[in-house]
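Below is one structure, written out as C-alpha cells; the observations come after it.
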Amino acid sequence: GNSVTQMEGPVTLSEEAFLTINCTYTATGYPSLFWYVQYPGEGLQLLLKATKADDKGSNKGFEATYRKETTSFHLEKGSVQVSDSAVYFCALTSGSSNTGKLIFGQGTTLQVKP
Amino acid sequence: DAGVIQSPRHEVTEMGQEVTLRCKPISGHNSLFWYRQTMMRGLELLIYFNNNVPIDDSGMPEDRFSAKMPNASFSTLKIQPSEPRDSAVYFCASSFSRTGRGTDTQYFGPGTRLTVL
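Quick mapping for you: the protein sequence lines, in order, are chains A and B.
Numbering-wise, our numbering puts 108 at position 107 of the first sequence, and it's gapless, one number per residue.
Numbering-wise, our numbering puts 292 at position 67 of the second sequence, and it's gapless, one number per residue.
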C-alpha cells in the first residue's frame, strides 16, 4: 500500500541554518505530494505541494522537488527562523483518488534556536 | 472565510460518558475528514466523507466510535462510551475534490483536545 516515511526528529538548528527534512514514499500510480506544517496548538496547514514528477513546490522560503526516480520529496529552506519551529508532515494522495484522502508521514519536529 | 470550525476546543470527561465532537466544513467543500492525533500513534485518519456519504471508515478504532454527516455543512464524531485511551486531539478537515486526481488541499480545523479521566 501507499506509505510515507520521514526522518525522525526532533531537528534542532540555530537561526539562519540550512534545513533539510527527508521524505520518501511508496505509492502506486502517480501520487501528488504535500508538506503540511503544524504550529503549536494549531491544526495542520498546507505549506507546499507538487502534483507531478520534477515539479517544485515552494512557499515562505521552503522548497521541495518531486523526485520520481528516488521516490523522494525532501523539504529544504536556506535560512530558518525561530518562527519556523513547528512539526512538519509529508503526505501523499493517490493519483487515482477522487476524494483527496491523504496519507501522512509521522511528522518531524523542528526547533530553531536564536 | 471562517475556515473549518470545530467545537468544543477542549473537552474533559469521565470514563464511560458519551462525547460528541462537532465540525463545520468550509462552505462549498465536498469532502470531510476526521483525524486523531496522539504522541504514540501520530496522525491517524478515522473516517472520511464525500458528498456527505462515508467513503472509508476503516480507521475507526472500534464500535464505540461513530460519525455522521447529515448535510454538507455539519458533521459529528461520537464516542460512546469513552475510555482514557481515547484522549487525543481530534481534527476535522475539508476539501473540494474536483480534479479527480486527489490534488486538492485539505483545510484543517483547530482541533478538539479530548481528555478522558
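Ideal placement from N, C-alpha and C gives every residue a C-beta, glycine not left out.
Remember, it's a predicted structure, so these values are computed and weren't measured experimentally.
A/Tyr40: buried (16+ other C-beta within 10 angstroms of its C-beta) or exposed? Counting C-beta atoms within 10 angstroms of its own C-beta, A/Tyr40 has fewer than 16 neighbours from the protein chains shown and is therefore classed as exposed.
*Please confirm if B/Leu342 has its CB atom under 7 Å from at least one CB of chain A.*
It does not: the Cβ of B/Leu342 has no partner Cβ on chain A nearer than 7 Å.
To the nearest whole angstrom, what separates the beta carbons of B/His235 and B/Ser319, a pair I think is in contact under 8 Å? The pair is not a contact, with the Cβ atoms about 22 Å apart (cut-off 8 Å).
Q) DSSP beta-bridge partners for B/Ile304? A) DSSP output for B/Ile304 lists B/Val244 and B/Phe290 as bridge partner(s).
Limits of the unbroken beta strand (DSSP E) element including B/Asp281: Unbroken beta strand (DSSP E) run through B/Asp281: Val278 to Asp281.
Bridge-paired residues (DSSP) for A/Thr58: The question names Thr, but residue 58 of chain A is Gly in the sequence shown. Bridge pairing for A/Gly58: A/Ala65 [DSSP].
Work out the CA separation of B/Trp259 and B/Tyr315 for me, nearest whole Å.
Rounded to whole angstroms, B/Tyr315 to B/Trp259 spans 7 Å at the Cα level.
Margin query: Could you pull the DSSP bridge partners for B/Phe299 from this structure?
Written below: DSSP lists B/Asn296 as partners of B/Phe299.
Flag B/Pro279 as yes if its beta-carbon sits less than 7 Å from any beta-carbon of chain A, otherwise no.
-> Judged by the 7 Å Cβ criterion, B/Pro279 is not in contact with chain A.
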